[in-house]
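Q: Residue numbers (my numbering): 526 to 742.
1) List the whole-angstrom C-beta distance separating residue 602 from residue 732, where the pair is believed to meet the contact cut-off of C-beta under 8 Å.
2) Three-state secondary structure (DSSP) at residue 568?
3) What do you reckon, are the CB atoms on residue 697 and residue 642 nearer than 8 Å?
4) Is the beta carbon of residue 674 sitting closer than 8 Å to the one on residue 628?
5) On the DSSP bridge list, what partners appear for residue 703?
6) For residue 612, does the count of other Cβ atoms within 10 angstroms reach 16, so buried, or fall short, so exposed?
7) With DSSP as the reference, label residue 688 as helix, strand or coil.
8) At what residues does the alpha helix (DSSP H) containing residue 712 begin and finish?
9) Have a look at 596, 562, 604 and 633 and flag the residue whose alpha-carbon is nearest the alpha-carbon of residue 572.
10) Which residues bound the beta strand (DSSP E) around residue 611?
11) Give the secondary structure of residue 654 by DSSP, where H, G and I count as helix, E and B as strand, and everything else as coil.
12) Could you please give the first and the last residue of the uninterrupted beta strand (DSSP E) stretch that includes residue 576?
13) Along the chain, where does the alpha helix (DSSP H) containing residue 635 start, and where does it finish?
If you want it as structure tokens, here you go:
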């Protein structure tokens with residue numbers, strides 16, 4: 526009986542250790558799952574952590590990742606600010622899509638444009654790569670008149686936002702999309718992380734890393 530009691534005590538001690546051994550903490554390494562950006566950007570507010578997704582509407586990988594972005598965004602930490610940053614990758618059609626993104630933003634119509642544009646290109650296979658085709662799509666989707674779209678699309682505010690986005694991508698060293706930059710200091714992507722779900726595990730790891738670094742830990 527004493528032997529049985531000792532065995533039960535031993536098992537009760539070892540069981541929690543076995544459970545913890547089966548669920549090790551993530552071991553993400555710089556140069557493998559993430560890396561430093563070319564030129565780090567100082568935070569506007571040291572208490573806030575930025576997460577920026579660089580993407581292009583014509584990119585199938587960006588389209589596939591978008592649902593994962595939305596799921597993560599809905600549960601992101603309270604001290605994190607998320608933003609999408611369109612990137613042209615040096616393509617003319619990329620600039621057109623970046624201008625479309627910021628046209629929707631300026632007109633307050635992002636909710637009516639972002640997902641439908643992705644779906645139109647990648648599910649419905651519409652050829653939306655020229656200003657005329659984008660204008661027709663935009664008007665059909667949002668009801669905005671062509672002259673309002675054209676004036677905004679070709680206006681100073683949108684042009685300035687596109688130039689700023691392109692400059693930011695260059696300073697970070699973004700060469701492919703989707704790329705996610707955390708805290709203006711580190712970046713990761715689907716290829717580095719090993720998949721869409723893993724990407725946001727790395728993002729969460731980097732958020733915690735930036736938070737700790739700012740506290741001097």
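Beta carbons: idealized from backbone N, C-alpha and C, even for Gly.
A: Reading off the structure:
1) Rounded, the Cβ-Cβ distance is 6 Å, consistent with contact.
2) coil
3) no
4) yes
5) BP columns for residue 703 are empty, so no partner.
6) buried
7) In this structure, residue 688 counts as helix in the three-state DSSP scheme.
8) Looking at the DSSP string, residue 712 is not in any alpha helix (DSSP H); the run it does join, the beta strand (DSSP E), is 711–714.
9) 604
10) 605–611
11) coil
12) For residue 576, the enclosing beta strand (DSSP E) has its first and last residue at 574–580.
13) Per DSSP, the continuous alpha helix (DSSP H) segment holding residue 635 begins and ends at 635–647.
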